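Worksheet for the structure shown next.
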Ligand code: NAP
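In the UniProt record's numbering, the protein residues as written are 1 to 313.
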């Protein structure tokens with residue numbers, strides 16, 4: 001079993017930055033991810049709110065962050081983490097591809113899109129139902145698509161889809177968007193975007209086993225309608241990816257991880273950064289800041305461990 005000073009689980013912006021700070025402090029670092037580095041940045045077309053870049057493609061920023069985060073010797077490995085055992089000063093990480101021993105752990109596994117839970121959603125997943133406009137938008141060139149949700153993701157991805165689709169209908173359950181004002185303004189100005197307000201989505205409809213439309217009930221009139229669409233992009237919120245950590249005692253009732261300002265969880269040696277934390281603002285910029293703090297705090301934690309060992313002798 002390989003032993004590290006710190007294992008970082010998740011290679012999004014928070015995890016990569018934690019690895020950068022820890023490896024630059026000369027700690028041995030392993031970054032583990034079940035997929036390609038970059039996390040949700042890979043599913044983002046244009047990033048305009050990360051300083052230093054007017055606008056940058058998500059995969060390009062992922063590549064840049066990965067390169068800078070591994071320049072001081074951090075290892076990167078593929079592996080889906082299944083569970084973690086806390087043995088006090090040592091943690092054992094069990095993955096589908098072997099185990100790792102580490103003195104400290106940074107959880108940076110992020111979040112994933114929630115399902116809306118209506119008939120047709122699961123059955124038509126990959127047949128017109130999607131949670132990633134950047135990945136799947138090109139299948140709908142010149143066609144009508146629907147986006148369900150009213151937050152930043154729904155509006156941002158809806159705007160992105162207008163570059164490909166003939167029309168984009170954003171179907172929202174209230175009469176006001178939750179998205180940032182700048183995104184709202186852009187969407188309202190875009191001729192290709194239509195809005196359906198106060199809609200209670202009931203079903204993703206199909207024809208020949210492919211998406212044909214979205215059926216909803218107007219909450220004000222009680223009338224039923226269908227938005228014809230070949231693609232249904234669902235952005236109704238996010239949930240944490242923390243099932244591997246359920247036995248550590250660090251999750252709240254909804255699965256998010258609480259930390260203090262030092263990114264420490266209540267378990268010594270276990271830190272958390274980025275979207276997986278219980279917090280208000282989930283952004284690349286906030287994840288990066290938290291990663292820097294965690295990397296530095298891991299260093300302090302390991303020094304304290306070493307000091308304790310010396311004084312115990
Ligand atoms: P979100 O902010 O939680 O928004 C979810 C949207 O889905 C809300 O409009 C919500 O309606 C609606 N919704 C929730 N449950 C629903 C249901 N069962 N049926 C129909 N609609 C439902 O999620 P998000 O947009 O994915 O964003 C997640 C986080 O990432 C946020 O913190 C966001 O700011 C951040 N983010 C930032 C950017 C950016 O800065 N460019 C881009 C993407 C995401 P209500 O409004 O009625 O609650």
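C-beta: ideal position from N, C-alpha, C; glycine also. All of these numbers come straight from a predicted model, not from anything done at the bench.
Rounded to whole angstroms, the separation of the alpha carbons of residue 196 and residue 167 is 13 Å.
Look at residue 263 here: in three-state DSSP terms it is coil, with no helix or strand label. For secondary structure counted as the alpha helix (DSSP H) over 4 or more consecutive residues, the region 88-155 holds these complete runs in sequence order: 133-136. Within the same chain, and ignoring the five residues on either side of residue 1 in sequence, the residues whose Cβ sits closer than 7 Å to its Cβ are 99, 100 and 101. Residues of the same chain with a CB within less than 6 Å of the CB of residue 295, apart from the 5 flanking positions on each side, are 18, 21 and 22 in chain order. The Cβ atoms of residue 52 and residue 41 do not sit closer than 8 Å to each other.
In the DSSP annotation of this structure, the continuous segment of the beta strand (DSSP E) that includes residue 200 starts and ends at 199-207. Distance from the CA of residue 154 to the CA of residue 307, rounded to the nearest whole angstrom, comes to 50 Å.
For residue 286, the secondary structure class from DSSP, reduced to helix, strand or coil, is helix. Collapsing the DSSP output to three states places residue 185 in a helix. Relative to the ligand NAP, residue 282 has its C-beta within less than 7 Å of a heavy atom.
If you draw a straight line from the Cα of residue 162 to the Cα of residue 231, it comes to about 13 Å.
In the displayed model, residue 195 falls within a strand according to three-state DSSP.
In the three-state DSSP reduction, residue 57 falls in the strand class (E or B).
No Cβ-Cβ contact shorter than 8 Å links residue 66 with residue 28.
The Cβ atoms of residue 157 and residue 76 lie no closer than 8 Å to each other. With respect to residue 7, residue 105 sits close: the two C-beta atoms are nearer than 8 Å. For residue 239, the CB contacts under 7 Å within the same chain, skipping 5 residues up- and downstream, are 111, 112, 114 and 255 in chain order. Beta bridge pairing from DSSP links residue 277 with 257.
Residue 61 and residue 176 have their C-alpha atoms some 32 Å from each other. As a beta-bridge residue in DSSP terms, residue 213 pairs with 205 and 228. The residue among 125, 97, 45 and 32 with its C-alpha nearest the C-alpha of residue 209 is 125. Counting along the chain, residue 17 sits inside the alpha helix (DSSP H) bounded by residues 13-24. Set against 7 Å, the gap from the CB of residue 178 to the closest heavy atom of the ligand NAP is smaller. Under the criterion of beta carbons closer than 8 Å, residue 103 and residue 248 do not qualify as touching, at roughly 16 Å.
Within the same chain, 78 come within 8 Å of residue 35 by CB-CB distance, once the 5 residues on both sides are set aside. Rounded to the nearest angstrom, the Cβ distance from residue 267 to residue 86 is 6 Å, consistent with a contact under 8 Å.
Residue range 75-78 is occupied by the beta strand (DSSP E) that includes residue 78. Distance check between residue 148 and each of 236, 263 and 203 places 236 closest, using alpha-carbon atoms only. For residue 236, the shortest C-beta to heavy atom distance toward the ligand NAP is below 7 Å.
In the three-state reduction of the DSSP assignment, residue 69 falls in the helix class.
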